[in-house]
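These notes are about the structure you will find just below.
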Amino acid sequence: MQDTTPQKARKKPFLPPQFVRAMLAGHSALGIAFAALIYIVCLSGTVVVFLHELQRWEQPNAPVVEQPLSPEAVATALKNAYQKALAANAVHDMFLMGPGPIQKRFLVSFHDHETGGEGNWIADQTGTLVAENKAPWSEFLGDLHMHLHLPRTWGMFLVGLTGVALLSSLVSGLLSHPRLFKDAFYLRWGGSRRLQEADLHNRLGVWGLPFHVVVSTTGALLGLSTLIVGVLALAAYDGDSEKAFATILGPHASEDETAAPLPDIAAMIRQIQAKTPDAEFVSANLSHVAHAGQIIHLGMRTPGHLAMSNTYYFDGNAKPLGDGGLETGSIGKQILGALQPLHFGWFGGFLVKVAYGILGLALTIVTHTGITIWLSRRRDAGRPAPHWEKVWSGVTWSQPFAFATTALAVFTVGEAYAIPTYIVTLVACIAGALFASEARIAGRLIRLLTGTAILAAVGLHASKWSGSMTDEVALVIAATFAATGVAFVVSALRPHFARAAASA
Amino acid sequence: MSLDTLDQTLPLALAGGLLLTAGVVLLRRRWLQKRSGGLAFLIGGWLAVISGFYVFARAWGAEMGTTYALGAVSTAAYALIGSTYERRVSKQRGPRESAFDPEDRPTNWRRGIAKSLLAIVLSGIAAIGVGVALAIYLPLPPADRAVIGGLLVPILWGGGMAWTLCDPRLVRATIILLSVSALGYGIAFLPKVL
């Protein structure tokens, strides 16, 4: 956090000035080192909160399932998916995800890591597979947030480290803010740019602190889990990471490859519902499906819990093997169940997602203003860094622009061009910004291009799906994108309009 | 959620939302009074916030209600601050506006790299060592201690990073982080070595 403190001496400062200055130095160093990564992860994370809605926008003619699924519908979907997997030579692991508060589709997927075969389908209320699940742009955004499109293990580690850096920034920011309470409600706009940005940085940072701490801690843990469990395995499980993971995530399939019938998943669901009548099907993860060693992790949710579901373990004969305790188990198990929902805002429904969107955007702004404060401070001290100002403007505005250009690329030339388009957009924005006369001119130009690209993407999508759009959520998303595009264009052109009006 | 449940939840949610908003508004009233009193606003504000948490917990249960209330306080404060922002004339400065600057430290590339290694690498190694030691020896069931030990890693790592970067003495930070690492891994791996 940036501090705005009177220089007149106080009787008993809550935090000694020397300590505050030292903390502020650490806060600045950390922020400068990690700002771009934190910014990209925060902005993409804010968008990914709405991942399921974006998927519905990308494929607006696929069925939406509003009611909980019957056990028979789940069994039908499993059977149908198994037939598809056989045809695709991809019978190994299968995953079914039913509708719930966070998403309204019945999704079925399968893959075999040995053959490389896979399939992703959308089923209707009866379990009939009606369309292939294809949302490459949403997938691109999700992967950007989770591993920055780097090799998965390294990318997740880097994102986890970014989460640690963000958490550390929150700690040092809080400790370098002795006027936490005295400035609690100030937002002064105009005047000194540095102090305006400091007010915004501090207010958004402090009042959103519970959210910021939760998403950075959970994100760091999710990203670093492989590393942590790896060391844990070395220390306590003879280096066997799978065994260590099994302690946390439940039993995994054995290597017995003898053929076996498909598991009776309907019977498993009914077993759970006999004990817990209000439990609803959420997901099923089947490992080594149709083999003697198969294991089924059945996710069933009951209302009133942060966890997406509790996981019940079964063998291939529908014999129960215990449960994960994610909803009502011990504290560690409940924390485990809450990690992902708390990180993504995937609990409670759409209003929670909107709140996460607002708070995520706030964290993104906090990251952005952290650097602009540093740059303003240098300018105020007579040491301006115009090249860094332009680079930061390029980085900041390249992201929404790159999201829009990747959408255009996916819609026109195909998903294979998403990553190259993202990289080219990022590099072009930074390089282009360096050639601009001022950082704000560069920012304005990129915003204009962003608005235009968003509107073009919305137009392309509308023309592609004209007349076949059956999902009303897709219309809401399209309208939101269009409004965002207009907002970008207006924000870019407003100074131009103001000057024209003044000279008229 | 059935209609009956919704009938009970909706009024409670509205009441909780109003209480939390009122709490933030009252705390701002107290803040506006600065040092000249306003204790009633302070007490009333915190009471309203606590009541809001309680009502949300009644509406959705402690687990969901507390989470919702935390989010609601943040968004209510954002809305209030956004709606009461102060427009200032350019270049106008008040006495309180001269800000603390970060400590001016002599630095060079070698020192920068050493600091980065301490803050990113050695803090991480120490945090993972302590987290794994706790994941093995906490007096809890295996899954619980693994999750709690794991959760402590980013927290310890983040704290270590913040402390290392603010401490100007590199040697002190190095010695402490090396000691913590040795202790953590020593405890975690000792039974394997013996």
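Chains as they are written, first to last, in our numbering: chain A, 555 to 1058; chain B, 2 to 195.
By construction, the Cβ of each residue, glycine as well, lies at the ideal position given by its N, Cα and C atoms.
Note that this is a predicted model, so its numbers are computed, not measured.
Test: residue i CB closer than 9 Å to a CB of chain A
i         : result
Trp47(B)  : no
Thr76(B)  : yes
Ser52(B)  : no
Thr22(B)  : no
Pro140(B) : no
Pro12(B)  : no
Ser199(B) : This structure leaves residue 199(B) out entirely; chain B is present only between 2 and 195.
Phe190(B) : yes
Ile129(B) : yes
Tyr69(B)  : yes
C-beta contact flag for residue i and residue j at 9 Å
i          : j          : result
Pro617(A)  : Arg659(A)  : yes
Trp691(A)  : Val908(A)  : no
Val154(B)  : Gly187(B)  : no
Ser582(A)  : Trp928(A)  : yes
Leu1009(A) : Gly1039(A) : yes
Leu569(A)  : Leu803(A)  : no
Leu880(A)  : His859(A)  : yes
Ser722(A)  : Gly159(B)  : yes
Val949(A)  : Cys983(A)  : yes
Tyr28(B)   : Trp47(B)   : In the sequence as presented, Tyr is not what sits at residue 28(B); that position holds Leu. Contact flag set, yes.
Thr716(A)  : Leu591(A)  : yes
Phe1042(A) : Val1012(A) : no
Ile1031(A) : Glu607(A)  : yes
Met65(B)   : Val718(A)  : no
Inter-residue Cα distance where the pair is residue i and residue j
i          : j          : result
Gly39(B)   : Leu71(B)   : 25 Å
Ala1033(A) : Ser84(B)   : 26 Å
Ala80(B)   : Leu1029(A) : 27 Å
Trp951(A)  : Arg1001(A) : 7 Å
Thr856(A)  : Gly130(B)  : 37 Å
Tyr1059(A) : Thr1004(A) : Absent from the model: residue 1059(A). The displayed extent of chain A is 555 to 1058, so no value can be given.
Leu1014(A) : Thr959(A)  : 12 Å
Ala939(A)  : Phe989(A)  : 14 Å
Gly53(B)   : His766(A)  : 21 Å
Arg937(A)  : Thr926(A)  : 14 Å
Val148(B)  : Leu781(A)  : 13 Å
Met577(A)  : Arg31(B)   : 29 Å
Phe573(A)  : Thr707(A)  : 38 Å
Gly113(B)  : Leu915(A)  : 31 Å
Ala14(B)   : Asp810(A)  : 52 Å
Leu698(A)  : Asn674(A)  : 20 Å
Arg933(A)  : Ile586(A)  : 16 Å
Leu166(B)  : Ala120(B)  : 6 Å
Closer than 9 Å to chain B by CB, residue i
i         : result
Met710(A) : no
Gly714(A) : yes
Phe735(A) : yes
Gly599(A) : no
Thr771(A) : yes
Trp761(A) : yes
Tyr593(A) : no
Ala909(A) : yes
Ser722(A) : yes
Ala719(A) : yes
Ala677(A) : no
Listed by chain order, chain E residues near residue i by CB distance under 7 Å
i        : result
Arg88(B) : The structure shown contains no chain E; the protein chains it does contain are A and B.
Best match in the options for proximity to residue i [C-alpha to C-alpha]
i         : options                                      : result
Gly652(A) : Ala833(A), Thr921(A), Ala1007(A), Gly1005(A) : Ala833(A)
Ala627(A) : Asp678(A), Met648(A), Leu578(A), Val601(A)   : Asp678(A)
Thr76(B)  : Val945(A), Arg757(A), Trp675(A)              : Arg757(A)
Asp753(A) : Asn109(B), Trp110(B), Tyr86(B)               : Tyr86(B)
Arg89(B)  : Leu741(A), Leu695(A), Pro1049(A), Ala821(A)  : Leu741(A)
Ser837(A) : His845(A), Ala844(A), Ile823(A)              : Ile823(A)
Val713(A) : Gly847(A), Phe664(A), Gly599(A), Ala738(A)   : Gly599(A)
Closer than 9 Å between beta carbons: that is the criterion. Which residues of the stretch 569-583 of chain A meet it against chain B?
The residues in question are Pro571, Gln572, Phe573, Val574, Arg575, Ala576, Met577, Leu578, Ala579, Gly580, His581, Ser582, Ala583.
Listed from N- to C-terminal order along the chain, which residues in the stretch 31-42 of chain B have their beta-carbon within a distance smaller than 7 Å of any beta-carbon of chain A?
Trp32
Mind listing which residues of the stretch 148-180 of chain B have their C-beta closer than 9 Å to chain A's C-betas, in chain order?
Val148, Ile149, Gly150, Gly151, Leu152, Val154, Pro155, Ile156, Trp158, Gly159, Gly160, Gly161, Met162, Ala163, Trp164, Thr165, Leu166, Cys167, Asp168, Pro169
Along the stretch 859-872 of chain A, what residues have a CB closer than 8 Å to any CB found in chain B?
His859, Leu860
Closer than 8 Å between beta carbons: that is the criterion. Which residues of the stretch 790-823 of chain A meet it against chain B?
Ala790, Ala798, Thr801, Ile802
What are the residues of the stretch 967-983 of chain A that lie near chain B, defined by any Cβ-Cβ distance shorter than 7 Å?
The residues in question: there are none.
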